[in-house]
Amino acid sequence: MNPALNFPTPPTAAPAPATTPSRITRRTAIQRALLGSAGLLVSPRLGFTGPAAPASAPAKAVIQIWMWGGPAHLDTFDPKPAAGNDYCGPLTQPIRTNVDGIIIGELLPLLAQQADKYSIIRSMTHGNNGHETAAYIVQTGRKPGGSLVFPSVGAVVSLFKGYNAGYQGLIPPYIVLTEPQGRFSEAGFLGSRHKPFATGGDPAQKRFVVEGVVAQGISDQRQKDRRALRQRLDTLGQAIQHDPQLEAFAQCEKQAYDLILGDAGKVFDLDQETAEMRDRYGRNTFGQSCLMARRLVERGVPYVTINSKGWDTHKQHFQAMRRRLPEVDRGLATLFQDLSERGLLASTIVWWSGEFGRTPKVQWEPPWDGGRGHYGRVFSAVVAGGGFKGGRVLGASDARGEEVKERPVYPCDLIGTIYQLLGIDPDGKLPHPQGLDIRVTPSRAEDDNQGGRLQELV
Numbered sequence: 002m003n004p005a006l007n008f009p010t011p012p013t014a015a016p017a018p019a020t021t022p023s024r025i026t027r028r029t030a031i032q033r034a035l036l037g038s039a040g041l042l043v044s045p046r047l048g049f050t051g052p053a054a055p056a057s058a059p060a061k062a063v064i065q066i067w068m069w070g071g072p073a074h075l076d077t078f079d080p081k082p083a084a085g086n087d088y089c090g091p092l093t094q095p096i097r098t099n100v101d102g103i104i105i106g107e108l109l110p111l112l113a114q115q116a117d118k119y120s121i122i123r124s125m126t127h128g129n130n131g132h133e134t135a136a137y138i139v140q141t142g143r144k145p146g147g148s149l150v151f152p153s154v155g156a157v158v159s160l161f162k163g164y165n166a167g168y169q170g171l172i173p174p175y176i177v178l179t180e181p182q183g184r185f186s187e188a189g190f191l192g193s194r195h196k197p198f199a200t201g202g203d204p205a206q207k208r209f210v211v212e213g214v215v216a217q218g219i220s221d222q223r224q225k226d227r228r229a230l231r232q233r234l235d236t237l238g239q240a241i242q243h244d245p246q247l248e249a250f251a252q253c254e255k256q257a258y259d260l261i262l263g264d265a266g267k268v269f270d271l272d273q274e275t276a277e278m279r280d281r282y283g284r285n286t287f288g289q290s291c292l293m294a295r296r297l298v299e300r301g302v303p304y305v306t307i308n309s310k311g312w313d314t315h316k317q318h319f320q321a322m323r324r325r326l327p328e329v330d331r332g333l334a335t336l337f338q339d340l341s342e343r344g345l346l347a348s349t350i351v352w353w354s355g356e357f358g359r360t361p362k363v364q365w366e367p368p369w370d371g372g373r374g375h376y377g378r379v380f381s382a383v384v385a386g387g388g389f390k391g392g393r394v395l396g397a398s399d400a401r402g403e404e405v406k407e408r409p410v411y412p413c414d415l416i417g418t419i420y421q422l423l424g425i426d427p428d429g430k431l432p433h434p435q436g437l438d439i440r441v442t443p444s445r446a447e448d449d450n451q452g453g454r455l456q457e458l459v
């Protein structure tokens with residue numbers, strides 16, 4: 002089927018039950034990756050062309066660091082040492098940062114040295130404790146339920162800053178490293194053209210096997226030989242000349258091979274970086290994903306999500322934190338420093354968050370034996386770059402991190418601010434295949450759980 006003829010799927014109920022994403026074939030991956038390029042024919046049919054961002058918009062790209070499962074705010078960016086063992090467990094020594102008055106968790110010493118580059122939001126809230134529904138709220142800014150699946154932030158950015166807005170790259174404008182976030186359809190009613198391209202693979206391996214771009218065990222020469230054979234066997238294409246649909250398909254194929262064998266695909270080759278740089282980020286999946294994200298935004302990709310799994314720590318929570326937080330500390334701190342050194346931080350938003358936090362009170366009793374549960378009442382997020390100020394703390398939780406004490410921040414507040422910095426009007430309109438009148442972010446009439454956009458941080 003000609004990718005240029007794919008149309009957005011009709012709206013469905015939101016959000017869908019959690020499912021395990023199916024393994025996509027190499028051909029499907031290439032088609033998804035190039036859907037935007039070949040799909041330039043689609044947008045006139047939808048009657049929508051994304052406006053160019055105003056010259057005053059500071060941000061050009063977003064790196065979303067998605068902490069799948071929900072990181073504990075008390076162990077990361079909102080420590081409560083005075084709350085005692087039932088809340089802090091063994092993590093009782095928070096550390097000072099390079100910004101007076103800001104302390105963070107003791108397992109984040111490198112991030113403590115970079116606090117002037119980021120701001121902490123300690124009063125994120127939505128009150129939802131389900132993975133699926135909370136993820137939907139944080140990634141769309143919308144309440145779950147109803148007849149529509151709203152698009153995620155990445156899909157909206159793909160709409161306004163991707164191919165509709167003149168993006169020319171062969172690399173798709175919305176990338177997820179490494180697996181889809183699952184939980185719901187990220188593109189929502191915007192349709193498959195704005196789905197993320199999930200790379201698969203592991204950037205920490207000797208070769209980053211990207212779905213549809215890098216094939217395990219197949220050399221570049223073999224790829225070229227396969228292409229030559231396919232062209233010799235394409236008798237239909239040789240017999241029918243100047244057919245618009247066949248020409249569009251041929252262009253899509255050419256772009257696919259340019260991505261696989263040309264310079265564009267080399268962005269996924271981390272051996273292009275020095276060993277020293279790779280070591281700085283940490284030779285693990287999270288660290289190398291941060292490096293990969295920097296390479297993608299450096300190439301002009303407007304939205305990259307790092308899907309970091311393993312934060313649903315119901316059991317052996319503190320053992321997991323001692324393993325995982327040092328990786329986050331090194332990878333994220335190096336990302337801030339590297340973007341800053343390259344002059345990219347001013348134009349790149351970095352957004353760190355999960356779908357919620359963890360229960361402030363440790364669940365010492367069996368079967369949890371020192372775990373933390375889901376907690377959507379109050380949690381933390383970190384933002385940096387692209388117009389966000391550094392060295393700030395917005396909002397506060399109470400003495401035990403159980404309630405918002407001041408300045409509640411709802412996901413739609415943060416998302417609306419991100420759009421604002423990207424030059425996307427949060428009060429503007431989204432195209433809908435059935436012509437429904439839908440705003441980029443919800444109005445107060447639609448959802449009164451709003452604290453206001455984060456003008457304190459911009």
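Residue numbers (our numbering): 2 to 459. Ideal placement from N, C-alpha and C gives every residue a C-beta, glycine not left out. Owing to the predicted nature of the structure, the values given are computational and were not obtained by experimental measurement.
Opposing strand residues paired with residue i [DSSP bridges]
i	result
K430	R440
R386	Residue identity differs from the one stated: residue 386 is Gly in this sequence, not Arg. Partner(s): F389.
G372	Q364
W312	Bridge partners of W312: none, in fact.
F151	None, per the DSSP bridge assignment.
A199	V177
R97	I104
F380	M125
Other residues of its chain near residue i: CB distance less than 8 Å, five sequence neighbours each side excluded
i	result
A400	K81, A83, A84
P368	K316
A323	Note that residue 323 is Arg in the sequence shown here, rather than Ala. Counting only Cβ-Cβ distances below 8 Å, and skipping sequence neighbours, we find L108.
S348	P59, A60, K61, A62, G386, G387
First through last residue of the alpha helix (DSSP H) which encompasses residue i
i	result
N308	Counting along the chain, N308 falls outside any alpha helix (DSSP H), though it belongs to the beta strand (DSSP E) covering 304-309.
I416	412-423
F190	Careful: F190 lies outside any alpha helix (DSSP H) and carries neither H nor E.
V139	132-141
A156	154-162
Under the three-state DSSP convention, the category residue i falls into
i	result
S23	Reliability fails at S23, whose pLDDT of 40 lies under 50, so the model's placement of it is uncertain and the value that follows must be treated cautiously. Reduced to three states, the DSSP call for S23 is coil.
I104	strand
L6	The predicted model places L6 with a pLDDT of 30, which falls under 50 and marks its position as unreliable, so this point remains unresolved.
Y282	helix
A400	coil
Y88	helix
V394	strand
Q289	helix
G358	strand
R454	coil
F78	coil
D177	In the sequence as displayed, the identity of residue 177 is Val instead of Asp. Correct three-state label for V177: strand.
A73	coil
F269	helix
6 Å CB neighbourhood of residue i in its chain, flanking five on each side removed
i	result
G377	H127, G128, N129, N130, A135, F357
G189	V150, F151, P152
Residue nearest to residue i in terms of C-alpha spacing, selected from the options
i	options	result
L112	D203, F78, G372, A294	F78
P204	F190, L178, S186, Q182	L178
K316	D280, C291, E366	E366
D280	G266, S309, G301, D339	D339
H132	L92, S159, M68, G90	M68
D1	A58, R97, Q114	The structure shown does not extend to residue 1, since the chain is modelled only from 2 through 459, so no value can be given for it.
A62	K162, G142, T98	K162
D87	G201, D370, V363, I425	V363
I350	G374, T314, I416	I416
R76	G90, Q65, I64	Per the sequence shown, the amino acid found at residue 76 is Asp instead of Arg. Of the candidates G90, Q65, I64, the one whose C-alpha sits nearest the C-alpha of D76 is G90.
Y411	G170, D448, V441	D448
G192	A156, E404, G167	A156
G332	A58, G424, I66	I66
A382	L271, S354, V210	S354
Endpoints, the beta strand (DSSP E) within which residue i is located
i	result
R331	Looking at the DSSP string, R331 is not in any beta strand (DSSP E); the run it does join, the alpha helix (DSSP H), is 318-342.
L111	Premise fails: L111 lies in the alpha helix (DSSP H), 110-113, not in any beta strand (DSSP E).
K406	405-407
W67	62-68
L345	L345 -> no beta strand (DSSP E), and no H or E assigned at all.
S124	119-125
Other residues of its chain near residue i: CB distance less than 7 Å, five sequence neighbours each side excluded
i	result
E328	G283, N285, F287, G288
E404	R378, V379, S398
L345	V298, E299
S444	none
D414	Q451, G452, G453, R454, L455
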